[in-house]
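Q:
Numbering (my numbering), first residue to last: 12 to 222.
What follows is the structure, encoded as structure tokens:
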């Protein structure tokens, strides 16, 4: 959620009215929130732009020393005219109308979304949806295995019903290490080397889980 908030904040430009916008945390200067230019770890007080103004100019009160010179110069060249009767208004820069729309927000997220080759390989039109979905859930450990249910303090049998010997049901056991899973790998991929495919898929799964 924090990543989404930071992404959205960059696309909201405040049109100055009475100056009640947050001086450090709102994007009113077209540079983005000014706190992004502060030294790492420094958290300024949440003060409004109007408090920082004096005779239509910013009264830095020594706070400009926290910013680089080029940022201070750009902020000082920004024309600010406070109008006490007009509220500040947000402008959504991702839409030409300046108004927020779900379509433009979705497009923004798509552009900035990390493209995973795993996801691209997972969802295939030639594969039934339920198969794509079960693989998607397995890669994210979203299948209600006994190990998963046990974490919620729900009593289970704590053994896999597909194997001759009792063993805790996990994603790894269901798809790789269990006797039933190993037999399926042998039947399905035996003629072309089931061990190669099994280990390749398991390595991909382990890589995702470790991310």
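Positions of the beta carbon are idealized from the N, C-alpha and C atoms, including for glycine.
Owing to the predicted nature of the structure, the values given are computational and were not obtained by experimental measurement.
1) Under 8 angstroms: do the segment 151-164 and the segment 176-184 share three or more Cβ pairs, one atom per stretch?
2) Provide the residue(s) that pair with residue 26 in DSSP beta bridges, ordered along the chain.
3) Between 163, 91 and 192, which has its C-alpha nearest residue 175's C-alpha?
4) According to DSSP, is residue 91 helix, strand or coil?
5) Using a C-beta cutoff of 8 angstroms, does residue 140 count as contacting chain B?
6) Using only the alpha-carbon positions, how far apart do residue 44 and residue 87 sit?
7) Tell me where the alpha helix (DSSP H) around residue 172 begins and ends.
8) For residue 116, which residues of its own chain have a beta-carbon under 8 angstroms away from its beta-carbon, when the five flanking residues on both sides are left out?
9) Taking the C-alpha atoms as reference points, what is the distance between residue 200 and residue 194?
10) Work out the CA separation of residue 163 and residue 37 for me, nearest whole Å.
11) Between the alpha carbons of residue 94 and residue 103, how many angstroms are there, rounded?
12) From the DSSP secondary-structure annotation, give me the bridge partner or partners of residue 59.
13) DSSP three-state call for residue 179: helix, strand or coil?
14) Identify which residue in 189, 84, 187 and 33 has its Cα closest to the Cα of residue 57.
15) So is residue 110 buried or exposed if we call it buried at 16+ other beta carbons inside 10 Å?
16) Tell me whether the beta-carbon of residue 64 lies closer than 8 angstroms to the beta-carbon of residue 23.
17) Bridge partners of residue 69, per DSSP?
18) Helix, strand or coil for residue 77, going by three-state DSSP, please let me know.
19) So, does the segment 137-151 touch the segment 71-90, judging by three or more C-beta pairs under 8 angstroms?
A: Taking the geometry as given:
1) yes
2) 100
3) 192
4) coil
5) Considering every chain present, this structure includes no chain B. It has just one protein chain.
6) 15 angstroms
7) Taken as a continuous stretch (DSSP letters only), residue 172 belongs to no alpha helix (DSSP H), as it is neither H nor E.
8) 19 and 105
9) 10 angstroms
10) 41 angstroms
11) 21 angstroms
12) 33
13) coil
14) 33
15) exposed
16) no
17) 64
18) helix
19) no
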